[in-house]
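Chains as they are written, first to last, in the working numbering: chain C, 50 to 165; chain F, 22 to 176.
C-beta atoms are modelled at their ideal positions from N, C-alpha and C, and glycine is treated no differently.
What you are looking at is a predicted structure, and each value in this text was computed from that prediction instead of being measured.
Taking it in order: structure first as structure tokens, then the write-up.
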């Protein structure tokens, strides 16, 4: 944990933007040079670099410059934190729904009159 | 994909008509039976089913004091069809700082002789989740979930 923001906060903040989500999604398939990564987006390279910087500062991606080419790749650990949190929320709601279904089906069918 | 906007959707076919499933949600004595997994005891404090109406449940283990569980406000109520609540407001639309900001959209659709039950849950972002963890979320709902998992897997 960092001092004033958790990895999870960072991950979600970084992923709140559609361009950054698209970048992460693309990098899931492997490392990509910045220029190729920027190509599909209708924005100038400086604007695009700002998005990369957010992702890099928040630890979702890494980049390295070799010669004149900067290449980006995904940093899976940070993403996993965000996914784990949402998976936990999902598990809670799944379990609640299971309990509702079990309760309705075992206690409320055929004896509804008794409930009032 | 769900990670991107921090929302999730759960759907289940329940073997009872929407009117019955609605009762399980809308009557405190029924809600208390399934909203929190046993052995944690659920107390339904507010279940005021109208837009702006309060929704509050508390929980306790053993003979301890009841602890906060959910505090929220209903946004939309369509009997036997839809129920929406959020935790960023409490009764009377009063804004609050919740443990975990979420809006839950529950829908019931008749399907055959049963009910297609769908829960769509929207989260603001993960900033709350850290607070949630700091405040002992994992000892409350998390523990409850572990117990449920043990129960389900044991059966």
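task = Closer than 9 Å by beta-carbon distance: list the chain C residues that pair up with residue 74 (chain F), in chain order.
result = Near residue 74 (chain F) there are no residues of chain C at all, since even the closest Cβ is about 20 Å away, more than 9 Å.
query = Secondary structure at residue 87 (chain C), three-state DSSP: helix, strand or coil?
reply = Residue state for residue 87 (chain C) is assigned as helix, using DSSP reduced to three classes.
task = Report the neighbours of residue 58 (chain F) on chain C: residues whose CB is nearer than 9 Å to its CB, in chain order.
result = Per Cβ cutoff of 9 Å: 144, 145, 148.
query = What's the gap between the Cα of residue 149 (chain F) and the Cα of residue 121 (chain F)?
reply = Reliability of the predicted coordinates at residue 149 (chain F) is poor, the pLDDT of 47 falling under 50, and the value obtained from them is presented with this limitation in mind. Taking the straight line joining both Cα atoms gives about 5 Å.
message = Is the beta carbon of residue 34 (chain F) closer than 8 Å to that of residue 141 (chain F)?
response = The beta carbons of residue 141 (chain F) and residue 34 (chain F) sit no closer together than 8 Å.
Where residue 80 (chain F) falls: helix, strand or coil (DSSP) = The answer is strand: DSSP assigns residue 80 (chain F) an E or B state.
task = Identify which residue in F:53, F:145, F:27, F:46 has its Cα closest to the Cα of residue 105 (chain F).
result = Measuring from the Cα of residue 105 (chain F), the nearest candidate turns out to be F:46.
request  = Figure out for me which residue from F:71, F:54, F:96 has the closest Cα to the Cα of residue 65 (chain F).
outcome  = Relative to residue 65 (chain F), the option among F:71, F:54, F:96 whose CA is nearest is F:54.
message = Please report whether the beta-carbon of residue 139 (chain C) lies at a distance below 8 Å from any beta-carbon of chain F.
response = Yes, because at least one Cβ of chain F sits closer than 8 Å to the Cβ of residue 139 (chain C).
task = Tell me, to the nearest whole angstrom, how far the beta carbon of residue 37 (chain F) is from that of residue 154 (chain C); I am working on the premise that it is less than 8 Å.
result = Contact holds; Cβ gap of about 6 Å.
inquiry  = Taking CB distances under 8 Å as the criterion, tell me whether residue 154 (chain C) reaches chain F.
reply    = It does; some Cβ of chain F falls within 8 Å.
ask   = How long is the line joining the alpha carbons of residue 27 (chain F) and residue 92 (chain F), rounded to whole angstroms?
value = Between residue 27 (chain F) and residue 92 (chain F), the C-alpha separation is close to 20 Å.
task = Would you tell me roughly how many angstroms separate the C-alpha atoms of residue 75 (chain C) and residue 69 (chain C), rounded to the nearest one?
result = If you take the alpha carbons of residue 75 (chain C) and residue 69 (chain C), they lie about 10 Å apart.
query = Roughly how many angstroms lie between the CA atoms of residue 130 (chain C) and residue 150 (chain C), to the nearest whole one?
reply = For residue 130 (chain C) and residue 150 (chain C), the distance between alpha carbons rounds to 30 Å.
request  = Could you confirm whether any beta carbon from chain F is found closer than 8 Å to the beta carbon of residue 90 (chain C)?
outcome  = Not an interface residue.
task = Could you have a look at residue 66 (chain C) and say whether DSSP puts it in helix, strand or coil?
result = Three-state result, residue 66 (chain C): coil.
request  = Taking the CB atoms as reference points, tell me whether residue 95 (chain F) and residue 72 (chain F) lie closer together than 8 Å.
outcome  = With a cutoff of 8 Å on beta-carbon distance, residue 95 (chain F) and residue 72 (chain F) are scored as near each other.
message = Pop quiz: residue 110 (chain F) and residue 144 (chain F) are said to be a contact at Cβ under 8 Å. What is the actual Cβ separation, rounded to whole angstroms?
response = Between residue 144 (chain F) and residue 110 (chain F) the Cβ distance is about 15 Å, and since that is not below 8 Å, they are no contact.
inquiry  = Could you compute how far the alpha carbon of residue 49 (chain F) sits from the alpha carbon of residue 148 (chain C)?
reply    = Rounded to whole angstroms, the gap between the alpha carbons of residue 49 (chain F) and residue 148 (chain C) is 15 Å.
task = Confirm, please, whether the CB-CB distance from residue 101 (chain C) to residue 72 (chain C) is below 8 Å.
result = Yes, these two residues count as a Cβ contact at 8 Å.
ask   = residue 98 (chain F) touches chain C at which residues, Cβ-Cβ below 7 Å?
value = Taking a Cβ-Cβ cut-off of 7 Å, residue 98 (chain F) has no neighbours in chain C, whose nearest Cβ is about 17 Å from it.
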